[in-house]
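First the structure, in the form of structure tokens, and then the observations on it.
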């Protein structure tokens, strides 16, 4: 479990609302096709491209052989270090990720390689695709399964992104030297103090989906501004936590692609178009660039960044991002107001409950120990603003006041008042006699009942 908070100096705009999964846990099948069909029929899976990728990548192929048809049940699988989430959870998380062809992808806690292969299908050939797994045996299993699947699949390497697997801990990644990704999926619970760091790996417009604080969150970066991060709650989840790092240094490096003719397809479309234009200009004899040595141009391009030829945002796009931030802030304020009201009502309810319990305690103490026992509790009740209610001392004061009023009326000579006072005095003397008679009758009744029980 984790606590989704931002690190110092970074404000995270959090927009949180529930989105329960329809028909979750009920999308099982006896084959991979039946499983995907059930997810679609139950409204869990709606994205057509993702559904196509899930059909193409057999879930059972990425589980141990002994699992058998259980791989297609809508439930998680855990055998040793090999873990797979329930199919409906993968469908929800990956659909929220909104993967598109050409998007760079980082899979944190890649497990058996199932999600990596599905996303490789959606991203298509040429997309940057990195996967990190901390356990060596799981890493080896994923590498073998992905390579075998790509070789056996008809489309195979011609339609899939090439997945680069790394065995290590994501908390050992040098964030300053790592590239920015369009999409990030976290396959295990992330600690609270790392949420902002993982969000820092997002490119502008990038989306991260993962479990934080037992909640599946969608984190999106709107601009280079560190404050322009929105967080949306998808649903409640329960994931195994990411393994904490024990390394004192940042030992894991995710390589940033270096431009080369062979890696040209891994770069964004704007970058590829710009390079193509540059090469065409070099072919013109009248161009000053034609004077450059041919071998020098690739060398220069190898030092360029993937973001060099990304166009500047237009005024409309800036206004749109500003609108997104303001809408996110408004929703955050509304969510905080609802939370505060809910907490206030809960506190009021608890106060009423404690008031009732305190009054019952007062009555019990009064009956057991009198005013002395009650006086011990009164200071504690006063701290919480609780009223212990009336006690015998107050009742005695009221009785004394009534007697004084009766004496005054008798001295004044009011006949009606005197009669009332005398009647009250007679009733008071008669009450103990009545109580004694009732106790005697109850005692006789109990004796008779005991004799009947003994006879039976």
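In our numbering, the protein residues as written are -7 to 448.
C-beta atoms are modelled at their ideal positions from N, C-alpha and C, and glycine is treated no differently.
CB residue i to CB residue j, shorter than 8 Å?
i	j	result
residue 175	residue 95	yes
residue 42	residue 98	no
residue 191	residue 200	yes
residue 234	residue 162	yes
residue 164	residue 244	yes
residue 100	residue 158	no
residue 27	residue 21	yes
residue 226	residue 88	yes
residue 249	residue 255	yes
residue 521	residue 242	The structure shown has nothing for residue 521, since the chain only spans -7 to 448.
residue 232	residue 160	no
residue 126	residue 45	no
residue 193	residue 202	no
residue 63	residue 71	no
With distances taken from CA atoms, which of the options is nearest residue i?
i	options	result
residue 79	136, 249 and 25	25
residue 141	352, 30, 52 and 64	52
residue 57	137, 367 and 186	137
residue 122	156, 102 and 152	156
residue 371	354, 252 and 359	354
residue 170	297, 210 and 75	297
residue 81	344, 292, 324 and 65	65
residue 265	291, 300 and 321	300
residue 76	347, 102 and 93	102
residue 154	230, 135 and 237	135
residue 323	209, 210, 63 and 222	222
residue 251	313, 209, 291 and 280	291
residue 259	120, 90, 306 and 115	120
residue 224	230, 211 and 217	211
residue 183	349, 237 and 168	237
residue 19	40, 67, 39 and 61	67
residue 310	279, 217, 286 and 350	217
Keeping to the same chain, check which residues put their C-beta closer than 8 Å to that of residue i; ignore five residues upstream and five downstream.
i	result
residue 333	none
residue 74	55, 56, 103, 104, 130 and 133
residue 47	24, 25 and 28
residue 276	282
State the CB to CB distance for the pair residue i and residue j, rounded to an integer number of angstroms; the pair is presumed to be in contact (CB under 8 Å).
i	j	result
residue 207	residue 228	6 Å
residue 274	residue 289	6 Å
residue 49	residue 106	7 Å
residue 220	residue 92	Not quite, the Cβ-Cβ distance comes to about 21 Å (not below 8 Å), so this is no contact.
Which residues in the same chain as residue i place their Cβ atom closer than 6 Å to its Cβ, once the five residues preceding and following it in sequence are excluded?
i	result
residue 172	195
residue 37	31, 43 and 83
residue 455	This structure leaves residue 455 out entirely; the chain is present only between -7 and 448.
residue 344	none
residue 306	none
residue 108	99, 102, 123 and 155
residue 61	22
Tell me which residues share the same chain as residue i and place their Cβ nearer than 7 Å to its Cβ, disregarding the 5 neighbours each side in the sequence.
i	result
residue 449	The structure shown does not extend to residue 449, since the chain spans only -7 to 448, so no value can be given for it.
residue 389	Bear in mind that a pLDDT of 48 at residue 389, under 50, signals an unreliable position, so the number given afterwards is only what the model happens to contain. Correct list: empty, nothing qualifies.
residue 215	196 and 313
residue 115	91, 93, 94, 95, 97, 121 and 153
residue 166	242 and 245
residue 448	Low confidence applies here, because residue 448 scores a pLDDT of 48, under 50, leaving its location unreliable; read the following figure in that light. Closer than 7 Å at Cβ, skipping near neighbours: no residue.
residue 186	163
residue 341	none
Report the residue ranges of all beta strand (DSSP E) runs contained in full by the region 24 to 83; include only those spanning at least 3 residues, in chain order. 69 to 71 and 74 to 76
Within the region 235 to 293, note down every full beta strand (DSSP E) run reaching 3 residues or more, in order along the chain. none
Which runs of the beta strand (DSSP E) at least 3 residues long sit entirely within the region 83 to 117? Give them in chain order. 97 to 100
Contiguous alpha helix (DSSP H) assignments of at least 4 residues, all confined to the region 122 to 169: 128 to 144
Output the residue ranges of the beta strand (DSSP E) runs that lie fully inside the region 160 to 216 and measure 3 residues or longer, sorted by chain position. 173 to 178, 194 to 204 and 207 to 213
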